[in-house]
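Trainee: Just so you know, full-length UniProt numbering puts 84 at position 84 of the sequence shown, and the rest follows in order with no gaps.
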Amino acid sequence: MNKPHDGQPDLRRLDLQRLADDAAELEGRTPLTDLDRLTADAAPAGDGAVRWSLAFERRSVAGGRADPWLHLDAQATVRLTCQRCLQPVDEVIGVQRSFRFVADEAEAERLDGAADDEDVLALPPRGRLDLLPLLEDELILALPLVPMHEACPEPLPHPADELDEAPAAHPFAALAALKQQKP
């Protein structure tokens with residue numbers, strides 16, 4: 001059975017091998033302001049935090065070795081600009097991903113191309129994983145391409161409404177009238 005891990009860990013120095021050996025489960029919250037690249041495009045909204053949970057395991061593969069795996073589940077609310085009405089819109093973004101860690105970059109590249117549904121990463125130096133860049137990358141990828149309200153808060157002008165208005169005066173109409181008045 002998986003063992004819960006006590007306290008909030010240092011997400012910048014997770015001991016990936018030990019956590020996988022312990023089949024640890026972690027959960028917590030991280031302020032969105034800790035994720036500079038994400039907040040450059042999306043302002044914090046809601047409670048201003050990313051809620052995340054991590055589950056680690058060792059899974060056997062062909063050849064008898066057991067690789068460490070990380071299962072990531074994260075959710076946050078960010079404020080974007082609606083592309084229809086240009087007003088702020090709060091979007092809930094979420095991530096559910098699993099990552100397999102292997103010995104080095106060469107093996108990760110070889111396996112990532114061959115694996116259908118696996119995301120394969122190289123083990124970090126000394127087995128210490130900095131989770132924040134990985135978490136931030138995944139949340140950035142989860143941002144909507146075109147954020148929009150389901151129903152914009154203010155009615156949008158319709159092109160048909162603009163046609164109902166009186167046509168604009170021709171800029172040279174006044175000159176033509178003056179020419180016609182000359183004796």
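Cβ atoms here follow ideal geometry from the backbone N, Cα and C, with glycine treated the same way.
Only a predicted model underlies this, so the values are computations on that prediction, with no experimental measurement involved.
Between the Cα of D21 and the Cα atoms of R110, L70 and L86, which residue gives the shortest distance?
Mentor: L70
Trainee: Confirm, please, whether the CB-CB distance from V120 to D130 is below 8 Å.
Mentor: no
Trainee: With a threshold of 8 Å on Cβ separation, who are the neighbours of S98 within its own chain once the five nearest residues in sequence on each side are excluded?
Mentor: W69, L70, H71, L72, E118 and D119
Trainee: Who are Q75's beta bridge partners in DSSP?
Mentor: R51 and G94
Trainee: Classify E91 as buried or exposed, calling it buried when 16 or more other Cβ atoms lie within 10 Å of its own Cβ.
Mentor: buried
Trainee: Cα separation between residue 188 and D15?
Mentor: As displayed, the chain neither begins before 1 nor continues past 183, which places residue 188 out of reach and without an answer.
Trainee: Let me confirm a value: D6 is counted as buried when at least 16 other C-beta atoms fall within 10 Å, else exposed. Which label applies?
Mentor: Confidence in D6 is poor, its pLDDT being 45 and thus under 50, which makes the residue's placement unreliable; the coordinate value appears in the next sentence. With fewer than 16 Cβ atoms within 10 Å of its Cβ, D6 is classed as exposed.
Trainee: Assign E109 to one of three DSSP states: helix, strand, or coil.
Mentor: helix
Trainee: Within 10 angstroms of the Cβ of residue 223, are there 16 or more other Cβ atoms? Answer buried if so, exposed if not.
Mentor: Outside the modelled stretch of the chain, which goes from 1 to 183, sits residue 223, for which no answer is possible.
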